[in-house]
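Be aware that the sequence shown starts at 120, since it is given in our numbering, and climbs by one per residue. First up is the structure itself, then whatever we jot down about it.
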Amino acid sequence: MRHLPNLICVLRLALIWPVLATLHAGQYVTALALFIAAAVSDGLDGYLAKRFRWTSELGKFLDPLADKLLLMAVFIECAWLELVPWWLTAAVVARDVLIGLGALVFRLWFGPLHGRPTLISKLNTGAQLLYVMLVLLSAAERLPLREVLDAAALATFATTVISGLHYVATFSRRAWTLPA
């Protein structure tokens, strides 16, 4: 049972292709259902890992990787299908690439990260997940209203930028305060 959170992460990674395929085929209800399953799996694996102390080094790598790959892939496909604005997709992808490169540089030059997701990062992930769900619901059922989608896009953009800047500041501060 200890490896259940990691298996759930692998399942989330495996759901990326079906989500993209159904999106591309215009099967928005199915894409929404698969995306919701992936989003729920994110919460479930985190809950299980914390509740039962089933954390692992692999899980610490797999969980954020699965989140980032799922969200980046879906944002790019949705932008390609003109469901999501490119400016928001660019911000989402740029943030994740920036965080990934920052983590890699920190690891190579300064050592282990020993970091946990911040509150703003969790809010950002939640905003991105909710926004994609609203976009897919809109594509499938023409709900919610365009104004709601626009407001959700702006909120997602704001949390994406703030979270990205927060990570840059955090990595920089940690690197600056390390002994020479």
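Just so it is clear, CB atoms sit at the ideal spot from N, CA and C, and this is done for glycine as well.
For the pair the stretch 155-174 and the stretch 130-139, tell me if three or more CB-CB distances fall below 8 Å. yes
Would you decide whether residue 175 is buried or exposed? Buried here means 16 or more other CB atoms lie within 10 Å of its CB. Taking the first residue of the sequence shown as position 1, residue 175 is located at position 56. With fewer than 16 other Cβ atoms from the protein chains shown falling within 10 Å of its own Cβ, residue 175 counts as exposed.
Report the rounded CA-to-CA distance for residue 290 versus residue 206, giving the unit in angstroms. Reading the sequence shown from its first residue, position 171 is the one you call residue 290. Reading the sequence shown from its first residue, position 87 is the one you call residue 206. One C-alpha to the other measures close to 25 Å.
Please classify residue 237 as buried or exposed, where buried requires at least 16 other C-beta atoms within 10 Å of its C-beta. By one-based count along the sequence shown, residue 237 stands at place 118. By the neighbour-count criterion, in which a residue is buried when 16 or more other Cβ atoms sit within 10 angstroms of its Cβ, residue 237 is exposed.
Does the structure place the stretch 218-229 close enough to the stretch 258-269 that three or more beta carbon pairs sit under 8 Å? no
Expected contact under 8 Å - CB spacing of residue 252 and residue 215 to nearest Å: As a first step, residue 252 must be located in the sequence shown, where it is residue number 133. As a first step, residue 215 must be located in the sequence shown, where it is residue number 96. That belief does not hold up - the Cβ atoms of residue 252 and residue 215 are roughly 19 Å apart, past 8 Å.
Could you tell me the alpha carbon to alpha carbon distance between residue 204 and residue 274, rounded to whole angstroms? For this step, residue 204 is matched to residue 85 along the sequence shown. For this step, residue 274 is matched to residue 155 along the sequence shown. Each residue's alpha carbon lies about 13 Å from the other.
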